[in-house]
Amino acid sequence: MTTYNDFLLKLLLAVKSITFEDISKIPLEEQHIIASKIEELQDYLESKFY
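In the working numbering, the protein residues as written are 28 to 77.
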């Protein structure tokens, strides 16, 4: 069974693996919104471990 911290760590690794190429597949008018949300999520997850 996955613990909460294991889940957060896996989610952090998944979020950190998102590239500009991935974001470029999103419609242009939404890219900045999605990039901002990804950054917020990454910051939140990193704060749980660092």
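Just so it is clear, CB atoms sit at the ideal spot from N, CA and C, and this is done for glycine as well.
query, result
"Can you look up I45 in the DSSP assignment and give me helix, strand or coil?", "coil"
"In whole angstroms, give me the CA-to-CA distance for F34 and K64.", "19 Å"
"When the Cα atoms are used, what is the spatial distance from I50 to A62?", "7 Å"
"Taking only three categories from DSSP, how would you classify I50?", "helix"
"To the nearest angstrom, how far is it from the Cα of L38 to the Cα of D70?", "12 Å"
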